[in-house]
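**Student:** Before I ask anything, here is the structure I am working with.
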Amino acid sequence: MWRRLRPYVRDLVGDVLYASHLTRPERAARGLLSVVTFHRVLPPEYFEAYPLREIAVTTDEFEWFVAFFARHYTILTLPEAYRRWNAYERTARPLLAITFDDGQIDNQRYACPILERAGVRGSFYVPVDAIEDDGTLWHDRLAYAADGLLKKEPSTARAMFAEIGVTNDPDDHATLLAAVERAKSLPTEARLAFVARMESALGGAARPEWDGMMSWAQLRAMADAGHEIGSHSMSHQILPLLDDEALTHEVATSRSVLEEKLDRPIETFCYPNGDYDARTLERVRAAGYRLGVTTKWGPNGDDADPYELTRVDVQGQHARTHDGEMSEPRMTWRMSRYFSGPN
Ligand SMILES: [Zn+2]
Numbered sequence: 017m018w019r020r021l022r023p024y025v026r027d028l029v030g031d032v033l034y035a036s037h038l039t040r041p042e043r044a045a046r047g048l049l050s051v052v053t054f055h056r057v058l059p060p061e062y063f064e065a066y067p068l069r070e071i072a073v074t075t076d077e078f079e080w081f082v083a084f085f086a087r088h089y090t091i092l093t094l095p096e097a098y099r100r101w102n103a104y105e106r107t108a109r110p111l112l113a114i115t116f117d118d119g120q121i122d123n124q125r126y127a128c129p130i131l132e133r134a135g136v137r138g139s140f141y142v143p144v145d146a147i148e149d150d151g152t153l154w155h156d157r158l159a160y161a162a163d164g165l166l167k168k169e170p171s172t173a174r175a176m177f178a179e180i181g182v183t184n185d186p187d188d189h190a191t192l193l194a195a196v197e198r199a200k201s202l203p204t205e206a207r208l209a210f211v212a213r214m215e216s217a218l219g220g221a222a223r224p225e226w227d228g229m230m231s232w233a234q235l236r237a238m239a240d241a242g243h244e245i246g247s248h249s250m251s252h253q254i255l256p257l258l259d260d261e262a263l264t265h266e267v268a269t270s271r272s273v274l275e276e277k278l279d280r281p282i283e284t285f286c287y288p289n290g291d292y293d294a295r296t297l298e299r300v301r302a303a304g305y306r307l308g309v310t311t312k313w314g315p316n317g318d319d320a321d322p323y324e325l326t327r328v329d330v331q332g333q334h335a336r337t338h339d340g341e342m343s344e345p346r347m348t349w350r351m352s353r354y355f356s357g358p359n
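Each residue of the sequence shown is one higher than the one before, starting from 17 at the first, in the numbering used here.
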C-alpha cells in the first residue's frame, strides 16, 4: 500500500511545502551557495542509446532546469559565485553555479547553446588526457561494451560479470550499473584489463559515432564566451590510491596543461569519482587551485571549505511527479536545505 502511495504522498508534501513558500529558493537557499552537477546533456535519440542514463538528462529536461534555476537563482560560474558568496554578497536570488563533469562533446554541442540562450554561463571540469586524444573514460567504455555484449551474447556477458562478483541483478540495466559500480573498487590495472576484455569479447570498442570528447579549440571558445573550464585531473583515476608522484601529475600537471592550452588561470579542481583524502587536499592547495568540488550532497553553508564544496546532482527523475510531469515544487524541495539527501 505504502509503496503505491509513496509517489503521491511525496508530490503532495512537495506541493504543500511549495505553497507555504518554505522550500522556495529565495527563502530556503538564502545565504547558501548552491552548486548543481550535470554530466551528459543529450537529445532524446542519444539519451535512449546512452547506457548510463543515471548521469544524463535530455536537452528538453536541461532546458527546463536552466529556466527553473534562472527564475530562482543568480547563476554564475563557480569561481564568480564563490567570490561573491565569500564576500558576503547576498543577492535577492541566491547564488548558484551549474557544473559539468567529464568533458564530453555533448556539453559543448547541446548544453552550451541552452545556457547561452538563457544568458548564463557554466563551469566545465575536464580530464586532460581524454581531451588530448579524444579518449573514452573507462566507465563509458565499460558501459558501451557491456550494453553491446548483453544484447549480442548475453551469456558471455553474464559470465564475465560473474567474474567480478556481479550476479543475479533483476535486469540488464541493473546488471550494467552494478558492474560499473563494482569495477570502481578494482585496482586500476585490473579495472582497465576487465574493460579491455569486455571490449574484445564484443569485437572492439563500442563508443557510437556521435559520442566523444570536447576539443581544445572548443574549450578555448567556451572560455572566451565566459564559461569556466576547470581540471578533472589528467586521467580520471581514483586519487587516494595513487603514489605521490602520480598524484602530483594528476593534480598539478593537469592545471599547468590547462593553463597553457587555454591561456588563462585555472581555479577549480573536481575530484574524479568524488574521491579524495587529506593528502589529495594538500596537493590541490599546493598546486594553486582556489576551489575544489566534491560529490558530497547539498548546498554550501557558512562553514563550507572552499576545497570541499558540496553539490546537488540533477536528473530528470528528481523533478518529475508520479505522472511524469516536471514539477517546480518537487525540484525546489530537492534543492532546499529541508531535503535530507539523495534519491
Ligand atoms: Zn568524472
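Here a beta-carbon is modelled for each residue, glycine too, at the ideal position from N, C-alpha and C.
In this structure, how does DSSP classify Val182 when only helix, strand and coil are distinguished?
**Tutor:** coil
**Student:** Excluding the five sequence neighbours on either side, which residues of its own chain have a C-beta within less than 8 Å of the C-beta of Leu158, listed in chain order?
**Tutor:** Ala195, Val196, Ala199, Phe210, Val211, Met214
**Student:** Using the Cα positions of Ser249 and Phe285, report the straight-line distance between them to the nearest angstrom.
**Tutor:** Going from the Cα of Ser249 to the Cα of Phe285 covers about 8 Å.
**Student:** Consult DSSP for Ala103 and reduce its assignment to one of helix, strand or coil.
**Tutor:** Coil.
**Student:** Got a sec? Which residues, its chain only, sit under 7 Å from Gln124 by beta carbon, not counting five neighbours each side?
**Tutor:** Within the same chain, Met230, Gln234, Met238 come within 7 Å of Gln124 by CB-CB distance, once the 5 residues on both sides are set aside.
**Student:** Leaving out the 5 sequence neighbours to the left and right, which residues in its chain are closer than 7 Å to Leu325 when beta-carbon positions are compared?
**Tutor:** Val51, Leu307, Gly308, Val309, Thr310, Asn316
**Student:** Would you mind giving the Cβ-Cβ distance between Ala3 and Val267, rounded to the nearest angstrom? I have them listed as a contact below 8 Å.
**Tutor:** Residue 3 cannot be examined here, being either before or after the span of the chain that is shown, 17 to 359.
**Student:** How about Leu153 and Asp118: are their beta carbons less than 8 Å apart?
**Tutor:** yes
**Student:** Classify Ala173: buried if its beta carbon has 16 or more other beta carbons within 10 angstroms, exposed otherwise.
**Tutor:** buried
**Student:** May I ask you to report which of helix, strand or coil DSSP gives Ser216?
**Tutor:** Helix.
**Student:** On the premise that Asp122 lies in contact with Leu58, defined as a C-beta separation below 8 Å, what is that separation, rounded to the nearest angstrom?
**Tutor:** Going by Cβ atoms, the distance from Leu58 to Asp122 rounds to 5 Å, so yes, they are a contact pair.
**Student:** Is Asp118 a contact residue of ligand 1, with contact defined as CB to any heavy atom under 7 Å?
**Tutor:** Ligand 1 has a heavy atom closer than 7 Å to the beta-carbon of Asp118.
**Student:** Tell me whether Pro288, by its Cβ, gets closer than 7 Å to a heavy atom of ligand 1.
**Tutor:** yes
**Student:** Beta-carbon within less than 8 Å of Asp31's beta-carbon, same chain only, minus the 5 sequence neighbours each way: which residues are those?
**Tutor:** Pro345
**Student:** DSSP three-state label for Gln331, please.
**Tutor:** Gln331: coil per DSSP, three-state reduction.
**Student:** What does a CB cutoff of less than 6 Å around Leu68 pick up in its chain, not counting 5 residues either side in sequence?
**Tutor:** Closer than 6 Å at the Cβ level, and outside the excluded window around Leu68, lie Ala159.
**Student:** On a CA-only basis, which of Arg56, Ala206, Glu179, Glu276 is nearest Trp226? Give me that one, please.
**Tutor:** Trp226 has its Cα closest to that of Arg56, out of Arg56, Ala206, Glu179, Glu276.
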